[in-house]
Every structure is written in structure tokens, then in C-alpha cells.
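Input: a single structure, listed below in C-alpha cells.
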Amino acid sequence: METAEIIAISVVALIAAAEIFCLFICSKHKKKSYPLCIVIPVLSDDIELEQRLGYISCLIEDGSTFIKTVLLVDIDGSNEQVQLCRDFCQAYHAAEFTNIDEIGTALKNYLHFH
17 METAEIIAIS VVALIAAAEI FCLFICSKHK KKSYPLCIVI PVLSDDIELE
67 QRLGYISCLI EDGSTFIKTV LLVDIDGSNE QVQLCRDFCQ AYHAAEFTNI
117 DEIGTALKNY LHFH
């Protein structure tokens with residue numbers, strides 16, 4: 017190989033190593049992760065509420081998400097939906113069941129607490 021080719025390959029390898037270092041190490045230290053608050057309205061015509069809660073429970077149990085609070089807001093939920101939400105809240109301490117009149121207070125508590 018010629019000297020120019022060796023220098024070019026060395027520079028490209030050095031740049032690639034620096035990019036990998038920054039991607040895996042520097043980015044972890046500089047970026048902050050903020051906890052997320054998920055707000056789910058509970059409506060009587062929502063036929064997928066149970067599946068939605070199941071998906072969120074999988075995310076929480078998996079630990080691959082930054083979900084810290086799940087607010088379930090009863091707008092006009094049926095009795096079955098209200099019970100489903102209460103069961104979900106008992107299973108996950110990160111979940112809170114509230115109604116539309118108290119959502120402001122629940123969100124303020126979330127922002128003040130975190």
C-alpha cells in the first residue's frame with residue numbers, strides 16, 4: 017500500500033472510532049431522560065380500553081420506557097371500564113384513576129412530585 021492510502025484508512029478508522037465512542041458513551045451522559053405521564057381518557061364508546069391498558073402494562077413491566085405515571089381520566093366510562101381502571105391502578109402503583117373535574121390537580125401533583 018502507498019502512504020496516502022494508509023493515512024486515509026487511518027483517518028477514516030479514527031473518525032469511525034470517535035463516532036462510536038460518542039454514540040455509546042457521550043450521548044448517555046449528556047442526555048437526560050424525563051419521566052413520562054400517560055393520560056388515557058375513559059370513554060364509554062372506547063371498545064379498546066382493555067387492550068390499551070394491556071399494552072401499557074407490558075411497557076411498564078418490560079422497563080423499556082420512561083413511563084412514570086399513568087392517569088386514567090373517567091369522562092363517561094361504563095361500570096365495567098371503571099372497574100377495569102381500578103384493577104389496573106391496584107396492579108400498578110404508577111397508575112392513578114381520576115375524573116375530568118380533578119385532572120388539573122392530578123397533573124399538578126405529577127409535575128410537582130417529579
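Last residue of the sequence shown? That's 130 in the working numbering, and every number before it is there in order. The C-beta atom is built at its ideal place from N, Cα and C for all residues, glycine as well.
Helix or strand or just coil, what does DSSP make of residue i?
i           : result
residue 59  : coil
residue 111 : strand
Excluding the 5 residues flanking residue i on each side, which residues of the same chain have their C-beta closer than 7 Å to its C-beta?
i           : result
residue 120 : none
residue 57  : 89, 91
What is the residue span of the beta strand (DSSP E) that residue i lies within?
i          : result
residue 83 : 83-90
In chain order, what residues of the same chain have a beta carbon less than 8 Å from the beta carbon of residue i, not counting five sequence neighbours either side?
i          : result
residue 54 : 72, 83, 85, 86, 87
Relative to the alpha-carbon of residue i, which residue among the options has its alpha-carbon at the smallest distance?
i           : options          : result
residue 117 : 97, 91, 125      : 91
residue 66  : 97, 111, 110, 23 : 97
What does residue i pair with, by DSSP beta-bridge criteria?
i          : result
residue 53 : 85
Spatial neighbours of residue i within its chain, please: CB distance less than 6 Å, with the 5 preceding and 5 following residues excluded, ordered by chain position.
i           : result
residue 104 : 69, 111
Hey, could you find the ends of the alpha helix (DSSP H) residue i is sitting in?
i          : result
residue 77 : 65-78
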